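Comments concern the structure below.
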Amino acid sequence: MTPVSFDLQLLNLCAALLLLLSFAMLAQRRIVTLVNLLALQGALLLAATLLLAWRTQQHHLYISAALTLALKVILLPWLLHRLIRRLQVYRDTEPLLNIPGTLLIGVLVVVFSFGLAQPISALASTATRSAIGIAVAVVLLSFVTMINRRKAMSQVVGFLSMENGLFFGAMSATYGMPMIVELGVGLDVLVAVLVLGVFFFQIREQFDSLDLHHLEALKEPSSTRPAAEDR
Amino acid sequence: MELLFLLASPLAGAVLLAVYGARQRAPELNAAMSLLTLLAACALTARVVNEGPLLIAQEQFFIDPFNVFLVTLTAFVGFTTSLFSRPYMRVEIEHGRVTPARLRLYHSMYQLFMATMLVALTTNNMGLLWVAMEAATLSTVLLVTLYRTAASLEAGWKYFILCGVGIAQALFGTILLYFAAEKILGSEGVSALLWTHLNGVKGQLEPVVLSLAFVFLLVGYGTKVGLAPLHNWLPDAHAEGPTPISAVLSGLLLNVAIYAIVRCKVLVEGSLSSDLPSRMLMGFGLLSVVLAALFLWRQRDVKRLFAYSSIEHMGLIAFAFGMGGAVANFAALLHMTVHSLTKSAIFFAVGHAAQKAGSQLMADIRGLITRNPTVGWGLMMGSLAILGVPPFGVFASEFLILTTAMREQPWATPILLAALGIAFAAIFGRVQPMVFGETTAKRLPHPPALLPVFTHLGLVLLLGLYVPPYLADWYRAAARLIGGE
Chain A
618 MTPVSFDLQL LNLCAALLLL LSFAMLAQRR IVTLVNLLAL QGALLLAATL LLAWRTQQHH
678 LYISAALTLA LKVILLPWLL HRLIRRLQVY RDTEPLLNIP GTLLIGVLVV VFSFGLAQPI
738 SALASTATRS AIGIAVAVVL LSFVTMINRR KAMSQVVGFL SMENGLFFGA MSATYGMPMI
798 VELGVGLDVL VAVLVLGVFF FQIREQFDSL DLHHLEALKE PSSTRPAAED R
Chain B
-19 MELLFLLASP LAGAVLLAVY GARQRAPELN AAMSLLTLLA ACALTARVVN EGPLLIAQEQ
41 FFIDPFNVFL VTLTAFVGFT TSLFSRPYMR VEIEHGRVTP ARLRLYHSMY QLFMATMLVA
101 LTTNNMGLLW VAMEAATLST VLLVTLYRTA ASLEAGWKYF ILCGVGIAQA LFGTILLYFA
161 AEKILGSEGV SALLWTHLNG VKGQLEPVVL SLAFVFLLVG YGTKVGLAPL HNWLPDAHAE
221 GPTPISAVLS GLLLNVAIYA IVRCKVLVEG SLSSDLPSRM LMGFGLLSVV LAALFLWRQR
281 DVKRLFAYSS IEHMGLIAFA FGMGGAVANF AALLHMTVHS LTKSAIFFAV GHAAQKAGSQ
341 LMADIRGLIT RNPTVGWGLM MGSLAILGVP PFGVFASEFL ILTTAMREQP WATPILLAAL
401 GIAFAAIFGR VQPMVFGETT AKRLPHPPAL LPVFTHLGLV LLLGLYVPPY LADWYRAAAR
461 LIGGE
C-alpha cells in the first residue's frame, strides 16, 4: 500500500470534519451556534479548496476559494447573525424527532450516501474521490435538518449547508465547476439570503413569530382562506 | 444582436421600473418594455428561420427551432399578461390590497422574471440554465407574497423552500453531468457544460453517471414543473399571488422547466442504451395527470382549480415527451403552446371575475354572463378549450397524444382517458354555475382588459382548426431535434 501524502491526508481530515459538523448541526438547537457551525463549515470548505488548489495547481480554484471566503465565511453568517439579532430568534423549539433519534437516522443516511456515491467514486480520477461520499452525506444530512426543524431560520441554515455540500461534491469530483457557473451559483445564494431576509420580516409582521407551524393553514382540502375573505 | 435586445430589454425594464416607481404610467411602461421584448423575440425568430440555428457569445447562447418557438411564446404571453395586469393592478390598488411601493416591486420583478426565463431558454450552458432557473424562483417569491396575507406568506415560503431544495437536486445533477463530460471534453475552458458540445459526444458519456444525473435533474427541474408528487408548492403559489403572476407562472415558467428536462433527456438518452429517462418521464407524467384530476374535485378556490389543471396538463406533456418519437414530440410541443395560451387566458378571465365578486371562492363567483358577458364567455370558452373540446387546439394535441399512446403504450390509454374525463366533469361542473348562475356583483372601477383573453383563445382556436405550414415545419424540426426520427 502506497503511503498517502500529507496534503491528501489533510484534505481527508477536512472532509471528515465536514461530516462531523453536519452531525453537530443535526443536534444543535441554539440558532446562533447553528449559524456559527455554518460559518465553520464554510471555513473548512475554504481550507479544502485552498489545499486542492495548491496541490493541483488549478488557478481557478483560488478564485473559487476567494468567493467561498467572502460569501460563505464572512457575508452570509454576518447577514444571518444580523437577522437573528433583529428578529430576536435564539432557540429553535423541540425538533419533530428527538435528537438521539435524529442522529441515528443521520448514521443511516451516511451509509446510504456512501452506497450512492460508490459508482461515482469508482469512475472519478481526482485524488479526492473518496470524499464524494462525504459530500453526498453532507447534502442529505442538511436535508434531514431541514425536514426536522420548525423555525424558518434553522431551515435556511440547512438550505445553505446543503449548498456547501454540493460545492464540496463538485470540488472533490471534478475540481470545481467552470468559473461562470460558480459565480452564478454564488450570486443566486446571496440573493436567496437577501430575499429571505425580506421574507422573514414579512412573516414576523404577520405572525409575531418565525415558527413555521403558523404556516400550515394551506392544506387539502383548503380550510380557512383569509386571503379570499378579507377582500 | 437580436438576442442582446431580447435579454437587455426586460433587464432594462426591471431597472427602469424600479427607478420610475409606481407613478401613473408605470403599468404602461411595463407593457411597453414587454412589447420591446416581443419585437426582439420576433426578430430573433425571423433570423433563426432564415439562417438556421445560431451560436452566440462564445457559444454561451444557442438558438435552435426548439427553443426559439418557446422564446416567442414566452415573449408573447409576457406582453399580453402585461396588458392584462394594467387594469388588474389598478383595481387592486383601489381595493387597497397593494400599496404603490409594492406595485414598484411588482413591475420590476415582473420584468426580471421575464429576463431570467429568456436566459434559461436561450443559454447553451447547462450551468447557466440552472442559475437562471434559480433566479426565476427568487424573482417570483416576493411576487407570490405581494399581498402579505398569512396565506400568501405561507405559499411563498413553501414555494421558496420546495423549489430551493428541488433546484439543489438539479445542481447536483448538473455537477454529475459535468463530471461525466469533463472526462471527454476536458476541464479547460467551459466547453464541458455546453449543451451543443455535450450533444456531440453524448454517445461516449459514462452511462452510470448520466443515469444518476438524470434522476437528480428530473427531480430538481420536475419540482418546478410541478410533477406529482413534487407539486405541493404549485397550487398555493398560483392561488395566493396576484393573478397576472399566476398566468405567467402557469403559462410560462412550467414550460421553461419542462424545456430544461427535455434538454437533459436528449443528452442522457443518447448515452444510455436503456429507456430509463423515457420511462421515468412517463411515470411522473401519468402520476401527475391522475393525481391532479382527482384533486380537482376537492377545490373550492377557482385559481387553485386551474392550478391543478396546469399540473394535469404538465403531466400530459411530460408523458408525451416520455413516449418520444416524432408524433409524440410534435404533440407535446403543440400542447405546450396551446396550454400556455389557454391557461393564461383563463387566468385573465378568472382574475377579472374574482375582482368583481371580491372573492376567489367559486361559491361566491356567480352569474358572470349577466353582469359582464365578455368575462363570462371568456371563462366559459377558455374552460372548454382547456378541457379539450374540439375545435380548440388542445383537442388536436390531446388527440395526437392519445392516439400515439394507443399505439406505443396501450396500457396507459385507459388511465389517461379516465383522468381526462374526471377532469372534464370537475372543471365543467364548477365553471358552469360561475358563468350562468344568479349574481349581485358590482361594476369594476377600471374596464377589464379582455383583448388578451380573446386574442389567446382565437389563436388556440386557429391552432385547433389549422396549423400553418411554417409553424408545422417548425414544430417538426424541433421534434426532430429532441429525438424524433
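From first to last, the protein sequence lines stand for chains A and B.
This note's numbering numbers the first residue of the first sequence as 618 and each following residue consecutively.
This note's numbering numbers the first residue of the second sequence as -19 and each following residue consecutively.
All residues carry an ideal CB built from backbone N, CA and C; glycine is no exception.
Computed from a prediction, not measured in an experiment: that's the story for all the values here.
Pull the bridge partners of residue i from the DSSP assignment, please.
i: B/Asn105; result: B/Leu174
i: B/Leu341; result: B/Asp281
i: A/Arg708; result: A/Arg647
i: B/Phe42; result: B/Leu35
Chain A partners of residue i, CB-CB under 9 Å?
i: B/Glu74; result: None at all; the shortest Cβ gap to chain A is about 12 Å.
Using the Cα positions of residue i and residue j, report the straight-line distance between them to the nearest angstrom.
i: A/Val706; j: B/Ser230; result: 36 Å
i: B/Pro67; j: A/Ala670; result: 56 Å
i: B/Gly295; j: B/Pro371; result: 22 Å
i: B/Leu321; j: B/Met13; result: 20 Å
i: A/Ser639; j: A/Ala632; result: 11 Å
i: A/Thr791; j: B/Glu162; result: 8 Å
i: B/Leu276; j: B/Ile407; result: 7 Å
i: B/Ile241; j: B/Arg410; result: 33 Å
i: B/Leu53; j: B/Phe327; result: 17 Å
i: B/Leu348; j: B/Gln412; result: 10 Å
i: B/Ala376; j: B/Ser254; result: 31 Å
i: B/Tyr455; j: A/Leu700; result: 50 Å
i: A/Asp624; j: A/Ala665; result: 10 Å
i: A/Phe816; j: B/Phe310; result: 42 Å
i: B/Phe206; j: A/Leu627; result: Checking the sequence, you will find Gly at residue 206 of chain B rather than Phe. In a straight line, the C-alpha of B/Gly206 is about 43 Å away from that of A/Leu627.
Would you mind telling me which residues of chain B sit closer than 7 Å to residue i, beta carbon to beta carbon, in chain order?
i: A/Ala790; result: Ile155, Phe159
i: A/Val812; result: Leu118, Val121, Leu122
i: A/Val808; result: Leu118
For residue i, return the contacting residues in chain A, with the cut-off set at a CB-CB distance below 8 Å.
i: B/Ile141; result: Met763, Gln772, Phe776
i: B/Glu186; result: Leu740
i: B/Thr125; result: Phe816, Gln819
i: B/Ala148; result: Val756, Phe776, Met779, Glu780, Leu783
i: B/Leu173; result: Met794, Pro795, Val798
i: B/Val145; result: Phe760, Met763, Phe776, Met779
Can you check whether the C-beta of residue i is within less than 9 Å of a C-beta belonging to chain B?
i: A/Ala845; result: Reliability fails at A/Ala845, whose pLDDT of 37 lies under 50, so the model's placement of it is uncertain and no value is given.
i: A/Phe816; result: yes
i: A/Ala787; result: yes
i: A/Leu758; result: no
i: A/Val690; result: no
i: A/Phe824; result: yes
i: A/Val652; result: no
i: A/Leu733; result: yes
Any idea what DSSP makes of residue i, helix, strand or coil?
i: A/Phe623; result: helix
i: A/Arg647; result: strand
i: A/Gln823; result: helix
i: B/Pro371; result: coil
i: B/Gly202; result: helix
i: B/Ser258; result: helix
i: A/Ile701; result: helix
i: B/His87; result: helix
i: A/His676; result: coil
i: B/Asn352; result: coil
i: B/Trp391; result: coil
i: B/Val181; result: coil
Quick check on residue i - is its C-beta less than 9 Å from some C-beta in chain A?
i: B/Val189; result: yes
i: B/Arg346; result: no
i: B/Leu(-9); result: no
i: B/Val242; result: no
i: B/Asn30; result: no
i: B/Arg128; result: yes
i: B/Phe152; result: yes
i: B/Gly295; result: no
i: B/Leu364; result: no
i: B/Gln91; result: no
i: B/Gly136; result: yes
i: B/Leu133; result: yes
What residues of chain A sit near residue i, judged by a beta carbon separation below 7 Å?
i: B/Phe416; result: Simply none; closest approach about 22 Å.
i: B/Ala273; result: By Cβ distance, chain A contributes nothing, its closest Cβ being about 14 Å from B/Ala273, past 7 Å.
i: B/Glu162; result: Thr791
Which residues in chain B have a C-beta closer than 8 Å to the C-beta of residue i? List them in chain order.
i: A/Asp805; result: Val111, Glu114, Ala115, Leu118
Can you list the residues of chain B that residue i reaches, using a CB-CB cut of under 9 Å?
i: A/Val802; result: Gly107, Trp110, Val111, Glu114, Leu151
i: A/Ile737; result: Leu156, Phe159, Val188, Val189, Leu192
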